[in-house]
Amino acid sequence: MHCVLRPDWPRYCRPLSINLLRAASSVQYKMCSACQIYINRHIRGTAKYTGLGMQVFAGVLDSEGDGAKKLKEWDPERIAVLQMDVTNPEHIAQVKETINKRLGQKGLWGLVNNAGLLLCPVDAELQSTSSLRRLMEVNFLSAVTVTQTFLPLIRKAKGRVVGVSSLAGKSNNIPGVVCFIHTFEKSLVLLRLEMLQWGVHVAVIQPSGFKTSMELLIEPIMLILILLEELLSHTSPELLQDYGQDYISSLPSVLDTMSQATKQDMSPVLDCIEHALLSTHPRPLYCPGKSAWLLPFLYTHLPTATFDRFTVRVRNIQK
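For the sequence shown, the numbering used here assigns the number 53 to the initial residue and increments by one for each residue that follows.
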């Protein structure tokens with residue numbers, strides 16, 4: 053990571069010093085779910101592992117997409133691009149069968165859970181249960197299913213499990229998002245403790261604001277119009293009257309405000325994933341990004357009432 057060491061930084065935010073694990077006599081294998089979020093702009097992240105002699109299985113939503121094609125062209129011998137909708141158990145089972153054939157008796161060294169979905173951030177009373185189910189299905193339940201599916205192979209290799217989460221879980225200012233982030237991260241904490249006896253390390257990556265393909269797939273103005281139409285379609289007349297159409301119509305624009313504050317260079321995130329997968333001393337928690345140490349510090353040290361006032365002020369600024 054490109055940052056200056058500050059003695060008052062929490063341990064999990066300090067620059068990384070990587071001593072790489074190297075396989076003496078066998079190729080290591082790594083599985084990454086939802087690579088499509090990164091590959092359009094960050095093929096180098098996958099290239100790092102192939103350069104070390106690792107075989108990478110990249111699960112993507114669309115194996116015929118532009119990003120997937122770039123991955124296939126980059127190193128067809130060491131990068132296997134596999135069609136995998138993480139919400140589809142049949143896809144996951146097919147991917148496992150394919151990987152099993154490639155592995156033989158070898159284990160799987162690393163699993164990176166990176167699938168994510170972000171919908172319009174709205175007040176809890178305005179959030180539809182259908183959108184909450186969708187968020188939980190993609191961001192939590194799918195990660196659990198993928199992890200459970202490949203964990204026997206990970207245990208065989210005494211490998212690594214990495215979950216890419218978000219610092220938004222500490223901010224409490226993005227309704228809906230906070231719920232699944234807390235659930236996802238706590239499940240990884242429990243898994244980390246359970247896997248100690250198997251020699252498997254589990255890490256959580258909590259990035260701050262970075263621009264992924266979720267923001268790049270569609271123009272912000274079009275995304276706002278789509279989300280606004282969806283939001284108004286399931287908002288009852290009573291809630292529309294109480295909250296006001298002007299307020300409700302302003303909610304999708306929060307995504308544009310958030311997008312403008314994010315960074316396109318995802319090197320810090322990729323460096324943390326690499327460290328979690330390959331370091332001899334991986335950390336349980338990584339917080340890459342500008343001022344990434346600040347929110348966890350405030351969250352754990354400020355009185356609840358003080359942090360609540362801080363959160364409300366930040367939310368008002370975003371709106």
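All C-beta atoms, glycine included, are put in the ideal place defined by N, C-alpha and C.
query: Residue from LEU283, GLY215 and ASN140 whose Cα sits closest to the Cα of SER182; result: LEU283
query: Exposure label - LYS148; buried when at least 16 CB within 10 Å; result: buried
query: Proximity test, LEU346 beta-carbon vs the ligand MN heavy atom, cut-off 7 Å; result: As far as ligands go, the structure on display features none, and thus does not contain the ligand MN.
query: Residue range of the alpha helix (DSSP H) that includes GLN297; result: 297-302
query: Three-state secondary structure assigned by DSSP to SER78; result: Since pLDDT at SER78 reaches only 41, below the 50 mark, its modelled position is unreliable, and the value read off the structure follows with that caveat. Coil at SER78, not helix or strand.
query: Sheet register partners of VAL214 (DSSP bridge); result: VAL164 and ALA255
query: Residue environment, LEU113, which counts as buried when at least 16 other CB atoms sit within 10 Å; result: buried
query: Cutoff 6 Å; reference VAL216; Cβ partners in own chain excluding five residues on either side; result: ASN166 and ILE257
query: PHE192, enclosing beta strand (DSSP E) - first and last residue; result: Here PHE192 belongs to no beta strand (DSSP E), and DSSP marks it neither H nor E.
query: Per DSSP, the bridge partner or partners of GLN157; result: BP columns for GLN157 are empty, so no partner.
query: Rounded separation between VAL229 and GLY341 - CA only; result: 19 Å
query: First through last residue of the beta strand (DSSP E) which encompasses VAL133; result: 131-135
query: Cα-Cα separation between ASP294 and SER288, rounded to whole angstroms; result: 10 Å
query: Simplified DSSP state of SER331, which is helix, strand or coil; result: strand
query: 8 Å Cβ cutoff, VAL164 in contact with chain D; result: You won't find chain D in this structure, because it holds only one protein chain.
query: For LEU337, the three-state DSSP class (helix, strand or coil); result: strand
query: Distance CB(THR235)-CB(PHE192) smaller than 8 Å; result: yes
query: Separation of PRO304 from PRO173, as counted between CA atoms; result: 7 Å
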